[in-house]
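Residue numbers (full-length UniProt numbering): 1 to 881. Below is one structure; the comments refer to it alone.
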């Protein structure tokens, strides 16, 4: 079989040469690595944190952002002539409150509504002092017709109650549906009520009431922010008898980002403690106190920790801001670092115990050094590919993770490598792994039973006894490895894989899409509750959309009139747009005004005069002044407001945006000028439409890059291809089983799927590399068995340690961290299945087909007795190995 092992052999020689340097100057290399870590760690002085939700979770360059800039330039918000459905930004300065009844489902109950009205009165009258000057809501509110914008239901109910229409004895209010009159305008109240029960044109029951308080921006930013902060605290700390309150400030998502970062810090401390405990415990040998690797395991955790510190410090020097999603990086790097440590320790234990430390380090780094280099490079490439993502959260996470992976490799071969030399010398001198004091070997007749348990270890240099083999290694060596010499076991594992693949493919075809905003906030918090209720109960009607004609048009011409009306009809033909009754379009109403007053379509001058002096003057149409930009001889630009529907899910929101853009293109072609559609939520919807192609592109490029690295460094191209196939198989399983665990495909899970590639390579590349590097003259079953005898335990250690490290995140009240934990756990489970079952079987079957087996051996192919004996002989290390 042709082997592409030139680079692999060169890398082995490089590690052998480095091991000699390491053995000669262990203290110098260890101290140098610590000094480098300290220098890079000083970068924390420049540490910055990014919490802008839109900046993190929406594409940096997108049509939605460009369209928003266009709308903002043409129709800037005037806070003295302000209407909520003309808002341009999703984070428009405001404080929103959702109210519900404590008992029962009806907020229109008189006692409930009385407490709501009392709370509203308290909110708008609360006085806040700044530099001995007091101000209230009246001083910072956005206005229309000189009055603060408030929930129109309050004014309506107040007027009706004061006029004696409603009486306390009636026990419940009734509201006309869907419109009421507010400040001279007809207002649709569907956007303010959730869980409505309508009967005979009246709302007789509602579960939720949305109350937004719109504030000014610009020069009033500081006062508005103070008002929000003061009232947010006051509302949440209030004592209520009949209502529950959920509050959402305009920067609520940014607040949630900062809050979650603080919440996860204590969990990181727990994880760190658990991983140290597991690493030390799993490296113990209870029957040999010399070969136990207690302090060495601690140095492995320290090496991974320094990689985290160095990556954060270096990128802080480079002014790369940290973010909430990148908070998962320490959990990831600890897992990868421990995986490398377990591989190095296992490779050390594979060497002949009576050889010199220099010889053992040469053998260790020649095998494990190349192996961890392969996985580190593939991990780094996976993250490097992820860093080109248009979503900043993914980009920053992948930058931090990729740099940390390289630093982990550096500290594993420097600090941890030096530690291996030093503790190897202690082992050679038969010193206790904890106390470092010289002890007698277990074979010494002077030992008492207590001494053997607590102190003794190692092998005597004067007798032929061999060092103790770790129990877990012995299990994989003498029992587990025999699975792959039985024909029946092979068939059973193949059947198990087909079942796994079937469930995985089914899950992939049914996975949900889109990141819901509520998932960015702490679960159980007021912000999370608000966003959950808003998404579930206030989705019909959907958000308002501006349809802007960005260029000058002769609106007074009959041909233009026909085209404009036809273009609006095109929008209403969409399943995502509600009926004409919900549309606010000045030229539609103006043309009806002309027809109703029997005014023949006038020329330009008459058109402009009638429009300004007659149509826009009355209160019922004065809102259209916000939608028309006049110039000296005509209208330079204008807009209509349409209302959406059927957008309950993230997928539907993305489809709605694309559908409206297509209709805008068609309308532009019809009218002859550019028409732009925009809603404040569009920047968030952008991620919904790119997530599938972005996932395919990112994962595809990452897998391809990983294949290239594997082909270069694994000395058998067919085995390298098998590694790539296994990574795709693991990815399929993770994506499929995400469906069963309630995880959608969105920007957060895409980040973790990039991680999936790195971890998947860790499980399969080590096995494939050692298999490809083993003696090809041996039978494939023996080669696989000997490979698992060496790597079975470290792979198991790696999976268990990582699961222990991230499992604590399942209880963090955050979708982001729970998703990270769920996907990593899935990767560990499926990676373990592939590394210890599926890939070994594939290599056995594949090698039997590919490599010629002598005819005389065919009768013994599944004769496990013969092969196990050959395997046991092959696993007995000889001096010099």
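Glycine included, every Cβ here is placed at the ideal spot set by N, Cα and C.
Original post:
In angstroms, rounded to a whole number, what distance separates the CA positions of residue 124 and residue 137?
Top reply: Here residue 124 refers to the residue found at position 124 of the chain shown. Here residue 137 refers to the residue found at position 137 of the chain shown. Approximately 5 Å, taken between the alpha carbons.
Original post:
Which residues in the same chain have their Cβ closer than 7 Å to the Cβ of residue 818, if we skip the five residues on either side of it in sequence?
Top reply: Locating residue 818 in the chain shown gives position 818, where the first residue counts as 1. 809, 810 and 812.
Subject >> Bounding residues of the alpha helix (DSSP H) (the contiguous stretch that carries residue 380) >> reply: By 1-based counting over the chain shown, the position of residue 380 is 380. Per DSSP, residue 380 belongs to the alpha helix (DSSP H) from 370-386.
Original post:
When burial is assigned at 16 or more other CB atoms within 10 Å of the CB, is residue 905 buried or exposed?
Top reply: Residue 905 lies beyond the range of the chain shown here (1 to 881); nothing can be said about it.
**OP:** Could you check the C-alpha separation between residue 14 and residue 413 for me, to the nearest Å?
**Re:** For this step, residue 14 is matched to residue 14 along the chain shown. For this step, residue 413 is matched to residue 413 along the chain shown. So the two alpha carbons sit approximately 12 Å from each other.
**OP:** With a threshold of 16 other CB atoms inside 10 Å of the CB of residue 856, please say whether the residue is buried or exposed.
**Re:** Here residue 856 refers to the residue found at position 856 when the chain shown is read from its first residue. Low confidence applies to residue 856: its pLDDT is 39, below 50, so where it sits in the model is not reliable enough to give any reading.
Original post:
So, helix, strand or coil for residue 577, using DSSP?
Top reply: Mapped onto the chain shown, residue 577 falls at position 577. Here residue 577 sits in strand by DSSP.
**OP:** Give the straight-line distance between the Cα atoms of residue 398 and residue 75, rounded to the nearest whole angstrom.
**Re:** Here residue 398 refers to the residue found at position 398 of the chain shown. Here residue 75 refers to the residue found at position 75 of the chain shown. In a straight line, the C-alpha of residue 398 is about 38 Å away from that of residue 75.
**OP:** Have a look at residue 628 and residue 90 and give me their C-alpha separation to the nearest angstrom.
**Re:** If you number the chain shown from 1, residue 628 lands on position 628. If you number the chain shown from 1, residue 90 lands on position 90. Straight-line Cα distance between these residues: approximately 22 Å.
Subject >> Cα-Cα separation, residue 70 to residue 626 >> reply: As a working mapping, residue 70 is identified with position 70 in the chain shown. As a working mapping, residue 626 is identified with position 626 in the chain shown. The straight-line gap from Cα to Cα measures roughly 15 Å.
Original post:
Distance, Cα to Cα, residue 392 vs residue 251?
Top reply: The count along the chain shown starts at 1 and reaches residue 392 at position 392. The count along the chain shown starts at 1 and reaches residue 251 at position 251. Straight-line Cα distance between these residues: approximately 19 Å.
Original post:
Between 825, 824 and 723, which lies nearest to residue 374 when the distance is taken from Cα to Cα?
Top reply: If you number the chain shown from 1, residue 374 lands on position 374. The shortest Cα separation from residue 374 among 825, 824 and 723 belongs to 723.
Original post:
Would you call the segment 363-379 and the segment 816-833 touching, i.e. three or more CB-CB distances under 8 Å?
Top reply: no
Original post:
Considering residue 645, what are the terminal residues of the beta strand (DSSP E) in which it resides?
Top reply: In the chain shown, residue 645 corresponds to position 645, counting from 1. Premise fails: residue 645 is in no beta strand (DSSP E) and is neither H nor E.
**OP:** Assuming residue 585 contacts residue 732 (C-beta within less than 8 Å), just tell me the rounded distance between them.
**Re:** Translated into positions along the chain shown, residue 585 becomes position 585. Translated into positions along the chain shown, residue 732 becomes position 732. Wrong, their Cβ atoms sit about 49 Å apart, outside the cutoff.
Subject >> Same chain, Cβ closer than 7 Å to residue 835, five either side skipped, listed in chain order >> reply: Taking the chain shown and counting its residues from 1, one reaches residue 835 at position 835. These residues qualify, in order along the chain: 763, 764, 767 and 795.
Subject >> Nearest-angstrom beta carbon gap, residue 409 and residue 376 [assumed within contact, 8 Å] >> reply: Within the chain shown, numbered from 1, the residue matching residue 376 stands at position 376. Within the chain shown, numbered from 1, the residue matching residue 409 stands at position 409. About 4 Å separates the two Cβ atoms, so the contact holds.
Subject >> residue 348 in three-state terms, based on DSSP >> reply: Residue numbering aside, residue 348 sits at position 348 when the chain shown is read from its first letter. Of the three classes helix, strand and coil, the one that applies to residue 348 here is helix, per DSSP.
Original post:
Looking only at its own chain, which residues have a Cβ that is under 6 Å from the Cβ of residue 198, when we skip the five neighbours before and after it?
Top reply: Taking the chain shown and counting its residues from 1, the one referred to as residue 198 is at position 198. Excluding positions up to five away in sequence, the list reads 177.
Subject >> Own chain partners of residue 558 with C-beta closer than 7 Å, once the 5 adjacent residues on each side are dropped >> reply: Numbered from 1 along the chain shown, position 558 holds the residue referred to as residue 558. 601, listed in sequence order.
Subject >> Beta bridge counterpart(s) of residue 412 as assigned by DSSP >> reply: As a working note, residue 412 is residue 412 in the chain shown. Its beta-bridge partners do not exist; DSSP assigns none.
Original post:
So, residue 207 versus residue 218, is the Cβ gap smaller than 7 Å?
Top reply: Here residue 207 corresponds to residue number 207 of the chain shown, with the count starting at 1. Here residue 218 corresponds to residue number 218 of the chain shown, with the count starting at 1. Not closer than 7 Å, so no.
**OP:** Using beta-carbon positions only, say whether residue 476 and residue 793 come within less than 7 Å of one another.
**Re:** Here residue 476 refers to the residue found at position 476 of the chain shown. Here residue 793 refers to the residue found at position 793 of the chain shown. Going by C-beta atoms, residue 476 is nearer than 7 Å to residue 793.
**OP:** Please report how far the alpha carbon of residue 621 lies from the alpha carbon of residue 615, in whole angstroms.
**Re:** On the chain shown, residue 621 is found 621 positions in, with the first residue counted as 1. On the chain shown, residue 615 is found 615 positions in, with the first residue counted as 1. One C-alpha to the other measures close to 7 Å.
Original post:
Alpha carbon to alpha carbon, how far is residue 907 from residue 122?
Top reply: What is shown of the chain runs 1 to 881, which leaves residue 907 out entirely.
**OP:** With a 10 Å radius around its C-beta and 16 neighbouring C-beta atoms as the bar for buried, classify residue 8 as buried or exposed.
**Re:** On the chain shown, position 8 is the one that residue 8 refers to. By the 10 Å Cβ count, residue 8 comes out buried.
Subject >> Inter-residue spacing [alpha-carbon to alpha-carbon] between residue 396 and residue 334 >> reply: Numbered from its first residue, the chain shown carries residue 396 at position 396. Numbered from its first residue, the chain shown carries residue 334 at position 334. C-alpha separation (whole angstroms): 19 Å.
**OP:** Please classify residue 865: does DSSP put it in a helix, a strand, or coil?
**Re:** Translated into the one-based positions of the chain shown, residue 865 becomes position 865. Bear in mind that a pLDDT of 41 at residue 865, under 50, signals an unreliable position, so the model cannot answer this.
Subject >> Reduced DSSP secondary structure (H/G/I, E/B, other) of residue 356 >> reply: The residue given as residue 356 occupies position 356 in the chain shown. Coil, per DSSP.
Original post:
Of the choices 679, 659 and 749, whose alpha-carbon is the least far from that of residue 694?
Top reply: Here the question's residue 694 lines up with position 694 in the chain shown. Comparing Cα-Cα distances from residue 694 to each of 679, 659 and 749, the minimum goes to 749.
Original post:
For residue 901, is the classification buried or exposed, using 16 other Cβ atoms within 10 angstroms of its Cβ as the cut-off for buried?
Top reply: This structure does not reach residue 901, given that the chain is present from 1 up to 881, and the question cannot be answered.
Original post:
Under the criterion of a Cβ to heavy atom distance below 6 Å, does residue 583 qualify as lining the ligand NAD?
Top reply: What this structure holds is no ligand at all, so the ligand NAD is not there to describe.
**OP:** Leaving aside the five residues before and after residue 96 along the sequence, list all residues of the same chain whose C-beta is less than 6 Å from its C-beta, in chain order.
**Re:** As a first step, residue 96 is located in the chain shown; it is residue number 96 there, counting from the start. Around residue 96: 212 and 248.
Original post:
Taking just the CA atoms, how far does residue 745 sit from residue 736?
Top reply: Within the chain shown, the letter at position 736 stands for residue 736. Within the chain shown, the letter at position 745 stands for residue 745. C-alpha separation (whole angstroms): 10 Å.
**OP:** Give a yes or no on contact between the segment 673-689 and the segment 539-557, applying the rule of three or more CB pairs nearer than 8 Å.
**Re:** yes
Original post:
Per DSSP, what kind of secondary structure is residue 14 in: helix, strand or coil?
Top reply: What you label residue 14 is simply residue 14 of the chain shown in a count that begins at 1. Of the three classes helix, strand and coil, the one that applies to residue 14 here is helix, per DSSP.
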